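Those letters in the sequence shown? Residues 205 to 284, by our numbering.
The beta carbon of each residue, even a glycine, is placed where N, CA and C say it ideally should be.
Bear in mind that the values here come from a model prediction, so they are computed numbers and not experimental data.
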Amino acid sequence: MYFIGELKGSSPDLKISLYKWNSKFFVKFETPDLEQVYKISEMDVSEDEVRAMVNEAFIEKIITRFKEMYQDLGELMGDY
């Protein structure tokens, strides 16, 4: 997998990285404990288009999903 770089919107709490591998772009969102990865065919979009897609509104959705994931993990860990 080829690391292209960090994307706008990255912070210490949320790292946003762009990779390329196997004719796909991988947009990876990472918190200290969880990650979300979106795979987008490079036949459908350019690197610049991927960068434009990761905007403030999309990042807010990612953060909301991370909150849900942490809640799910907390509930799961409570079962042990």
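Three-state secondary structure (DSSP) of residue i
i: Gly209; result: strand
Residue(s) in a DSSP beta bridge with residue i
i: Ser250; result: Paired residue(s): none; Ser250 is not in a bridge.
i: Gln240; result: Phe233
i: Ile220; result: Phe233
i: Lys228; result: Trp225, Ser245
For residue j and residue i, believed in contact at Cβ under 8 Å, the rounded distance
i: Gln240; j: Phe230; result: Wrong, their Cβ atoms sit about 11 Å apart, outside the cutoff.
i: Glu246; j: Ser227; result: 5 Å
Residue j beta carbon less than 8 Å from that of residue i
i: Leu222; j: Gly209; result: yes
i: Leu211; j: Val258; result: yes
i: Leu238; j: Phe207; result: no
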